[in-house]
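These notes are about the structure you will find just below.
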Amino acid sequence: MVDYAHHVTAVAGGPGLMSFITIFVLAAFVGYEVVSKVPSILHTPLMSGSNAIHGIILVGTMLVLGQAHGAAQLTLGFLAVVLATLNVVGGFVVTDRMLHMFKPRSETKPAKEEPPAAGDGPAS
Amino acid sequence: MSRATATDLVYLIAIVGFILALIGLSSPKHARLGNLAGAAGMLLAVAWTFSLPAVYGQTKNLILIIVAVVIGTVIGVPAARMVKMTAMPQMVAIFNGVGGGAAALVSVTEFISLPGKQIAIYKICEILFGVLVGAVSFAGSAVAFAKLQELMTGRPITYPGQQPINAGVGLAIVAVLLATILTANTALLVVVLVLSLALGVIFVLPIGGADVPVLISLLNSFTGLAVAASGFTLNSNLLIVAGTLVGASGILLTRMMSHAMGRSIGNILFSAFGSVITATGADGGPDGRSVRTGTAEDIGVLLAYARKVAIVPGYGLAVAQAQHVARELADLLTARGVEVYYAIHPVAGRMPGHMNVLLAEANVPYEQLVEMDDANPEMATTDVALVVGANDTVNPAAKNTPGSPIYGMPIINVDQATNIVFLKRSMRPGFAGIDNELLYDPKTTMLFGDAKDTLTALVAAVRSV
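Each protein sequence line maps, in turn, to chains Y and S.
For the first sequence, the tail end lands on 157 under the numbering used here, and the numbers increase by one without skipping.
For the second sequence, the tail end lands on 468 under the numbering used here, and the numbers increase by one without skipping.
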């Protein structure tokens, strides 16, 4: 029997269910801990940034489509890769655009040069 | 080093990149660097995945993967680059929704490809969780997008029997889930998928436009959990950790956001907030009272001779794209020796921090942006509070009127300033649909019009003083 999961198990090194649950619980605490210090002015970029991170599903969709057989699996897998790619590139680009606007300016020199008009930069 | 170990190592580096991305967001200084670390981790993980036999083994499938990635990139990059800053919230909603959709599709495809009989129960449970949560996130994000993009009304949509219907759909899903676990039947999985999509829609319909950002944060967290479920299905540490990071941080972020609005998550999700518009007008108050309107010249003089001016921006400033003119006015006043600061409510705009992004776009010095908790003590010594396109975030009803839907929400206390100037398009109430008694206050002056036009007029007026 060619169980698809075996391919990936081989790839992932094959720890058991219990170690996955351990990793899950620890990751939950890490996730909770690291964002507890984020100031409210950065909440929107944080939402967008974490949105980009769950785009990692792209790796999962690639593995699934790589092993897909038959029209149904191929179609669903293809659609999944397109959607996941949208998630990744859109997430990171939008976050970068937001954070671009938070770039620090020096307090010592008040007459700072205007930044290059990237996209919809300052009008004047 | 074996290939499997190398893969684990590469994925571990990617995970570190993601954690650095979240840590970087603790301060504006390192945020961008952190995001680049996250993007680098993502690129590394995806590039390495192409080197796995499971991906490149079958040429036809590999070509499909490459074509799909190219299509996603060609659509996604321009869309993300060209979207206006004011439209950011709905863009985040869309990119979140497609992620949830992808996670649901991974689970569905896995289910189809597994042989029917010998699947362990926990495997089916993981798959079903991925389908359910991913599909709810996908459909919910789509409705949230429609609300923010104003393709449909931003008001809460309620109908008779809403709660029983929602509960019925919920119970139906539980029943079908149980049946699927017992039978591992593909047709039943399709029913789960359809019902989950329906649940996503009816879950979001009664949530008002002002609360949608909190909802997006919650759905973001859901997508993270769906990705983690896919990680369990595919035995992938990478997906489990990345998905869980987002799931946990998203839930905390949702709590912080609803806290900033002075409400509980449950209240936001289930109370159809904003549908009770008529409740506050009932005490007969505002209708008979008159409103004082001023000319741009009057207000220009008021501003030019003030010692301290607070600019309180709201969504009206954002839609009018008036952040650049606002900065021009602030610069002009600063040059005259007036102390100017921006008092930013945490939920000004349509998302927490949205206003900071917009003002940063207009190169407003970071030090002039004062958050609500620091701005409120300053209000008593402020000569003029210039409220630009904001309403609910300064409405004293949040403090004084226990029956009001926004009662308990922290506000910027512009009522303590010596003078208040409202730049507003009309007397229409704000997003929450509640009248604001401050508009009728004797120390309030109104200047009606589009925020950009009125601010431009004020700039001219201050110049000619």
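Cβ atoms here follow ideal geometry from the backbone N, Cα and C, with glycine treated the same way.
query: Option nearest Ala50(S) by Cα separation, candidates Tyr443(S), Ser224(S), Thr10(S), Val194(S); result: Thr10(S)
query: Chain S contacts made by the region 107–124 of chain Y, where a contact means CB separation under 7 Å; result: Leu107, Leu109, Gly110, Phe111, Leu112, Ala113, Val114, Val115, Leu116, Ala117, Thr118, Leu119, Asn120, Val121, Val122, Gly123, Gly124
query: C-alpha gap between Val92(Y) and Ala48(S), whole angstroms; result: 7 Å
query: Element boundaries [alpha helix (DSSP H), containing Met449(S)]; result: It is not in any alpha helix (DSSP H) - Met449(S) instead sits in the beta strand (DSSP E) that spans 447–451.
query: Run of the alpha helix (DSSP H) containing Pro216(S), from where it starts to where it stops; result: 215–237
query: CB contact flag (Glu461(S), Leu332(S), <8 Å); result: Note on residue identity: the sequence assigns Leu, not Glu, to residue 461(S). Yes. Within cutoff.
query: Contacts that Thr128(Y) makes with chain S (C-beta to C-beta distance below 7 Å); result: Asn38
query: Beta-carbon spacing of Ala313(S), Ala383(S) below 8 Å; result: no
query: Gly103(Y) classed as buried or exposed, judged by whether at least 16 other C-beta atoms fall within 10 angstroms; result: exposed
query: Assigned exposure category for Asp376(S) - 16 Cβ within 10 Å defines buried; result: exposed
query: Within-8 Å CB hit, Pro316(S) to chain Y; result: no
query: Straight-line Cα distance separating Ala393(S) from Leu319(S); result: A small correction: the amino acid at residue 319(S) is Gly; Leu does not occupy that position in the sequence shown. Going from the Cα of Gly319(S) to the Cα of Ala393(S) covers about 6 Å.
query: Burial state of Leu67(S) (16 or more Cβ within 10 Å); result: buried
query: Stretch-stretch touch, CB-based, cutoff 8 Å, three pairs: the region 109–128 of chain S with the region 211–221 of chain S; result: no
query: Amino acids of chain Y, ordered along the chain, whose beta-carbon sits closer than 7 Å to that of Ala106(S); result: Ile90
query: CB contact below 8 Å: Thr94(Y) versus chain S; result: yes
query: Expected contact under 8 Å - CB spacing of Val391(S) and Val315(S) to nearest Å; result: 7 Å
query: 8 Å Cβ cutoff, Ser116(S) in contact with chain Y; result: yes
query: Leu255(S) versus Gly246(S) - alpha carbon distance; result: 14 Å
query: C-beta neighbour in chain S for Thr77(Y), strict 8 Å; result: yes
query: Rounded C-alpha distance that separates Asp290(S) from Tyr345(S); result: A caution first: Asp290(S) carries a pLDDT of 49, below 50, which makes its placement in the model unreliable, though a value can still be read off. C-alpha separation (whole angstroms): 31 Å.
query: Whole alpha helix (DSSP H) elements within the region 304–359 of chain S, 4-residue minimum; result: 318–322, 326–338
query: Boundaries (first-last residue) of the beta strand (DSSP E) holding Leu442(S); result: Careful: Leu442(S) lies outside any beta strand (DSSP E) and carries neither H nor E.
query: Contact with chain Y by Thr283(S), beta-carbon distance below 8 Å; result: Residue confidence for Thr283(S) is low, a pLDDT of 38 falling below 50, so the modelled location carries little weight; the figure read from the coordinates is stated next. Judged by the 8 Å Cβ criterion, Thr283(S) is not in contact with chain Y.
query: Contact under 8 Å by Cβ, Met412(S) with Met264(S); result: yes
query: Beta-carbon proximity list for Ile18(S), same chain, < 6 Å, skipping 5 on both sides; result: Val244
query: Integer-rounded CB distance, given that Leu441(S) should sit under 8 Å from Asp456(S); result: Going by Cβ atoms, the distance from Asp456(S) to Leu441(S) rounds to 22 Å, so no, they are not a contact pair.
query: Coarse secondary structure for Asn422(S), derived from DSSP in three states; result: strand
query: Per DSSP, cross-strand counterpart(s) of Val390(S); result: Val315(S), Phe425(S)
query: Val68(Y) - containing alpha helix (DSSP H), residue span; result: 50–68
query: Backbone secondary structure at Leu372(S) - three-state DSSP; result: strand
query: Below-8 Å beta-carbon distance, Met51(Y) vs any chain S residue; result: no
query: Closest by C-alpha distance to Gly352(S), when choosing among Thr118(Y), Ile74(Y), Gly123(Y), Leu112(Y); result: Ile74(Y)
query: C-beta neighbour in chain Y for Arg431(S), strict 8 Å; result: no
query: Endpoints, the alpha helix (DSSP H) within which Gly100(S) is located; result: 91–116
query: Residue range of the alpha helix (DSSP H) that includes Asp129(Y); result: 103–133
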